[in-house]
Each structure stands twice: as C-alpha cells, then as structure tokens.
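Residue 367 is where the sequence shown starts when you use my numbering, and the numbers rise one by one after that.
Where a beta carbon is used, it is the ideal one built from N, C-alpha and C, also for glycine.
Treat the numbers as computed from the prediction; the structure is a model and nothing was measured.
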Amino acid sequence: MSTELPPQVQNQIAQLQQLQQQAQTLLSQKSQIEMIIRETESAVKELEASDEGAVIYKSVGEVLFKADRAKLIEELKDKKDVLDLRLKTLEKQEERIQKRFGQLQDQLKVSLGQKLPEAA
367 MSTELPPQVQ NQIAQLQQLQ QQAQTLLSQK SQIEMIIRET ESAVKELEAS DEGAVIYKSV
427 GEVLFKADRA KLIEELKDKK DVLDLRLKTL EKQEERIQKR FGQLQDQLKV SLGQKLPEAA
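Okay, structure coming up:
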C-alpha cells in the first residue's frame, strides 16, 4: 500500500498552506493598520484638546517643523479616513480567504474520502 498522495490532493494541500500564509500576512497588516489608527486618533484628540494658540510641531523624518494646528488636525483626520478604508479592504480580503480556505478544506476531505457533514 502506497502512502503517496495523489497530485490533486498534494495541490489542494499546497493551496491550503498558501492561503494560511496569506491569512497570516493579512492579519499582521491588519493589526499594524489598527495600531496606526489608534495612534492617529490619539494625536487628533490631543491636538483638539490643545489651545488654539499652542505651538505645534510636526515630525517629518528626523526633523520637526512648526505646523498649523487646524491644518494638522485635518491632515490626521484624512490619514485616518484612508487607514479606515485600507482596514475595510483588508477585512474583505480576509473574508474571501476564509471562505476559500473552507471550500478547499471541504474539497480535501472529499478527496481523502471523508464524508462531509450535511448542511442544516
């Protein structure tokens, strides 16, 4: 008896592993974006709480520049909007990967001769 898996099953396993890697990458990107969103929200909150006449500096690389408070608040809000959009895109990609992963798992079970549970 041979323990060699058929090429179709090997291909399905490889696809599952690839989807797992993609899901891990997405998860990492998603947590980075969420962290940047929290930092941006915190910066906006602090700027809005500051006095209008307060001297504000903006970091650009390794240099600090004096910045207009209102303009900086607007820039940060725009940045947050872009990040929110990116986060939604990542969430949609994550959903598609999870769906495809489930489909591949089911196909693999069928290929390996396991009976799928009946849909309720």
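With 16 or more other CB atoms across the displayed protein chains lying within 10 angstroms of its CB, THR406 is buried. For ILE463 against LEU392, the beta-carbon gap comes to about 7 Å, under 8 Å, which counts as contact. The continuous alpha helix (DSSP H) containing VAL448 extends over residues 435-477. By the criterion of at least three beta-carbon pairs nearer than 8 Å, the segment 460-476 is not in contact with the segment 408-419.
Using a Cβ distance threshold of 8 Å, LEU371 and LEU474 do not count as a contacting pair. The continuous beta strand (DSSP E) containing SER425 extends over residues 422-426.
Contact check for ILE422 against ALA433 passes: the beta carbons are separated by less than 8 Å. Excluding the 5 residues flanking it on each side, ARG435 has same chain C-beta neighbours closer than 8 Å at LEU413, SER416, GLU418, ALA420, ILE422, in chain order. When LYS424, ILE402, ASN377 are compared, the shortest CA-CA separation from LEU453 is found for ILE402.
Rounded to the nearest whole angstrom, the CA to CA distance from VAL375 to LEU430 is 57 Å.
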